[in-house]
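Q: One structure, pasted below without further comment.
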Amino acid sequence: DVKVTQSSRYLVKRTGEKVFLECVQDMDHENMFWYRQDPGLGLRLIYFSYDVKMKEKGDIPEGYSVSREKKERFSLILESASTNQTSMYLCASSFSGLNTEAFFGQGTRLTVV
Amino acid sequence: AQSVTQPDIHITVSEGASLELRCNYSYGATPYLFWYVQSPGQGLQLLLKYFSGDTLVQGIKGFEAEFKRSQSSFNLRKPSVHWSDAAEYFCAVGFHFGNEKLTFGTGTRLTIIP
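Chains as they are written, first to last, in our numbering: chain A, 2 to 114; chain B, 2 to 115.
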C-alpha cells in the first residue's frame with residue numbers, strides 16, 4: 002500500500018516560532034504537495050514539487066516555504082508562525098504523467114497560540 | 002483558472018436512503034475528475050476517478066459518479082447509504098497535461114440519521 006506519513010498529528014506552537022512540517026512517501030512518487038484545509042474553504046494548495054529541489058507556488062504560498070532535498074521527503078516551513086496559520090495541513094504525493102491520483106497523509110493539525 | 006463548486010455544504014439522509022452529492026467544475030478542456038472522502042480526523046481517501054472513456058464510473062464502498070460534459074458536472078451517487086458513510090466528501094479537478102495539481106471544492110458534509 003502507498004504510504005504518505007506526516008510526522009505529527011497535532012502540533013501547538015507559539016506565535017513567531019519557526020515550524021517544520023515533515024512528509025515522507027514510500028512509493029517513489031515524483032510529485033508532492035502541501036495543502037491547507039479550513040472549514041468552508043476546502044483544500045487549498047500551498048506549494049508543490051515535481052522533482053527533487055524543484056518547487057512551485059500554489060494558490061496561497063504567502064508565509065510558507067518548502068524544501069525537497071530527497072525524493073521521498075517534502076517539508077513545509079512556517080518561517081514565523083502566526084495565529085492565522087492555525088489549520089489542518091495535508092501532504093499528498095502522486096506519480097507524474099497522465100492517469101495519476103494523489104495519495105494523502107493523515108494530516109497535521111497545527112495550532113498557533 | 003479551473004474551479005470546482007460543491008453547492009451543498011451539509012446534507013442529511015436516512016440510513017438506507019439514496020444519496021446524490023453535486024459537483025460542478027469550470028475548466029476549458031476535458032478534466033480529470035475525482036471524489037475523495039474524509040472521515041473525522043483522517044486524511045483523504047480516493048473514492049473514484051474519471052480520466053476518459055465510460056462516463057459512469059464505479060468506485061469503492063458502493064459509490065458511483067457520472068461525468069456529464071454538457072452540464073460540467075460529476076455527481077456522486079450511492080443507492081443506499083450506511084451509517085459508516087458519514088464523512089466529508091470532496092470533489093476535485095486536475096489538469097490533463099502538465100503538473101498534476103488538483104483543485105478541490107469546498108466539501109459536502111454528510112450526516113446519516115438512523
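Each residue gets a CB set at the ideal place from its N, CA and C atoms; glycine is no exception.
Between Y91(A) and V20(A), which are expected to be in contact by the criterion C-beta below 8 Å, what is the C-beta distance as a whole number of angstroms?
A: Inspection of the sequence shows that residue 91(A) is occupied by Leu rather than by Tyr. So it is not a contact: roughly 16 Å between Cβ atoms.
Q: Output, in chain order, the set of chain A residues within a Cβ distance shorter than 8 Å of F91(B).
A: Near F91(B) (Cβ distances below 8 Å), the residues of chain A are G43 and L44.
Q: Mind checking if G106(A) is an interface residue toward chain B, Cβ cutoff 8 Å exclusive?
A: True, the Cβ-Cβ gap to chain B drops below 8 Å.
Q: Would you call A2(B) buried or exposed, if buried means 16 or more other Cβ atoms sit within 10 Å of its Cβ?
A: Answer is exposed; the Cβ neighbour count stays below 16.
Q: Using the Cα positions of I12(B) and R10(A), report the straight-line distance between them to the nearest angstrom.
A: About 28 Å.
Q: Go through its chain and collect everything with a Cβ distance to N76(B)'s Cβ below 7 Å, but skip five positions before and after it.
A: Excluding positions up to five away in sequence, the list reads E21, L22, R23, C24, A66 and E67.
Q: Between the Cα of R45(A) and the Cα atoms of S27(B), A93(B) and K69(B), which residue gives the shortest distance?
A: Of the listed residues, the one whose Cα sits closest to R45(A) is A93(B).
Q: Got a sec: is the Cβ-Cβ distance from F75(A) to anything in chain B below 8 Å?
A: Judged by the 8 Å Cβ criterion, F75(A) is not in contact with chain B.
Q: Please tell me whether Q3(B) has its Cβ less than 8 Å away from any Cβ of chain A.
A: False, the Cβ-Cβ gap to chain A never drops below 8 Å.
Q: Can you give me the Cβ contacts of G17(A) inside the same chain, cut-off strictly under 7 Å, excluding the 5 residues immediately before and after it?
A: Excluding sequence neighbours, G17(A) sits near S81 and A82.
Q: What is the rounded straight-line gap between the Cα of P115(B) and the Cα of S19(B)?
A: Those two C-alpha atoms are separated by around 14 Å.
Q: Assuming contact is defined by CB atoms lying nearer than 8 Å, are W35(A) and L77(A) in contact in what I supplied?
A: Contact: yes.
Q: Spatial neighbours of V58(B) within its chain, please: CB distance less than 8 Å, with the 5 preceding and 5 following residues excluded, ordered by chain position.
A: These residues qualify, in order along the chain: L49, K50, Y51, E65, A66, E67 and F68.
Q: What residue range does the beta strand (DSSP E) around H30(A) cover?
A: From DSSP, H30(A) is part of no beta strand (DSSP E); its letter is neither H nor E.
Q: So I36(B) is in the beta strand (DSSP E); what residue range does that whole segment cover?
A: Ile is not the amino acid found at residue 36(B); the sequence shown has Trp there. First-last of the beta strand (DSSP E) with W36(B): Y33 to Q39.
Q: With 8 Å set as the bound, which would you pick, yes or no: does the beta-carbon of L12(A) sit closer than that to a beta-carbon of chain B?
A: No, its Cβ sits nowhere closer than 8 Å to a Cβ of chain B.
Q: Do G95(B) and Y37(B) come within 8 Å of each other at the CB atom, strictly closer than that value?
A: No; because the gap between Cβ atoms is not below 8 Å, this pair is not in contact.
Q: Where do the ends of the beta strand (DSSP E) carrying R69(A) lie?
A: Residues Y65 to K71.
Q: Which chain B residues sit within Cβ distance under 7 Å of A103(A)?
A: Correct list: L103.
Q: If the cut is a Cβ gap below 9 Å, which residues of chain A does K62(B) touch?
A: Ordered by position in chain A, no residue passes the 9 Å Cβ test against K62(B), which lies about 16 Å from the chain.
Q: Using the Cα positions of V53(A) and S97(A), report the straight-line distance between them to the nearest angstrom.
A: Straight-line Cα distance between these residues: approximately 13 Å.
Q: If contacts are defined as beta-carbon pairs under 8 Å, then S68(A) and Q26(A) qualify, I think. What distance do you get, rounded to the angstrom?
A: The Cβ separation is near 15 Å, so there is no contact.
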